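What follows is a short report on a single structure.
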Amino acid sequence: MKDTKFYEMDFIEAYVKGKVSEAENQIMQKLISQDAQLASEVELQKDLQEALARTRRAELKQLLQNTPVPTSTFAPTISQWIAASFGIVGLVAMIWFFVKYWGSEKTNQKQAVVLKTQNETLKKDESKQVVENTTTTTENFASQNTQKLTIENNQKLNESKKAEKNKDFTKEIFYQYDGKNVLQIFGDFSYEILENIPTKDGEKNFIFVQNKFYELVPTPEDEVRNLKENEVKNPDLIRLLSERLKNK
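Quick note, the sequence shown lines up with residues 0 to 247 if you use numbering that gives the first Met the number 0.
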């Protein structure tokens, strides 16, 4: 059975004004697409609403333009003086607001232009400064790299000469070791300690000095021994010590 609600003028008016639910709106759209007469009535209602709105706007505009100014030949009463005073005050306020508002707008526009120009100038200066800084940084970086390379090369050359000069002095490495925690190495060179390394004779401690591995054999009290007497020559043990040194 057809629901007559959707064909009533009140509902059509509410639909045109957008005052129906979403479900009713969908049903109405479907009915309009199927019923040409209903679609015609809806269009007519839209035209009526638009015409009514235009008429109301025109009437309001005409009312504002044609507001009557009371005139009389007799002396004005107190209430008329008060009304006239309010009218004058309102007019002055409107003029003041107009001048202040438009003056403010012009000032803001002028300030906006100045700020924009300043910002553009600032951006140009910043861009120029960035380019100059980048150029200076690049030059400094290149200079630093050249200087660093020269220093490193000189250091390597000096170290090489020093190593050749001190080669004879580091042939013998002497040490003292109590077998526990105290180890003394006589000489100025770098080394690495490898502790608790498993061997066929149990866990032992080793030292890596001048690219060679040596076993830290305990020495008697106050006795100094030559470390090179304990050089590791077993290939399997050297391989194990190398792995431990690499992972250290």
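Beta carbons are placed, not taken as given, at the ideal position from N, Cα and C, and that holds for glycine. Because the structure is a prediction, the values reported are computed rather than measured.
How should residue i be labelled, buried or exposed, when 16 other C-beta atoms within 10 angstroms of its C-beta is the threshold for buried?
i    : result
F212 : buried
F207 : buried
L226 : buried
I192 : exposed
V301 : Lying before the first or after the last residue shown, residue 301 is absent from the chain, which here runs from 0 to 247.
If you draw a straight line from the alpha carbon of residue i to that of residue j, how long is it in whole angstroms?
i    : j    : result
E282 : K60  : With the chain represented from 0 up to 247, any question about residue 282 goes unanswered, as that position is not in the structure.
S241 : D221 : 31 Å
D187 : Y174 : 12 Å
V246 : E228 : Rather than Val, the amino acid found at residue 246 in this sequence is Asn. Distance between the alpha carbons of N246 and E228: 27 Å.
S39  : T3   : 16 Å
T198 : L239 : 10 Å
Q25  : F5   : 11 Å
K45  : R56  : 17 Å
I11  : Q36  : 12 Å
V41  : V15  : 7 Å
D177 : P219 : 7 Å
N195 : L215 : 11 Å
For residue i, which of helix, strand or coil comes out of DSSP?
i    : result
L215 : coil
V256 : The structure shown does not extend to residue 256, since the chain is modelled only from 0 to 247, so the question has no answer here.
K232 : coil
N24  : helix
E220 : coil
V19  : coil
D34  : coil
K29  : helix
Spell out the partners DSSP gives residue i in its beta bridges.
i    : result
I11  : I11 is not bridged to any residue.
L193 : F205
F173 : F185, N225
T198 : G201
Less than 7 Å between the CB of residue i and some heavy atom of the ligand NAD, yes or no?
i   : result
R56 : Inclusion of the ligand NAD in the displayed structure is not the case, the ligand content being empty and no account of it being possible.
At least three beta-carbon pairs within less than 8 Å, the stretch 178-185 to the stretch 231-238: The answer is no - the stretch 231-238 does not touch the stretch 178-185, with fewer than three Cβ pairs under 8 Å.
Three CB pairs or more closer than 8 Å across the stretch 21-33 and the stretch 59-66: Output reads no: the stretch 59-66 does not touch the stretch 21-33.
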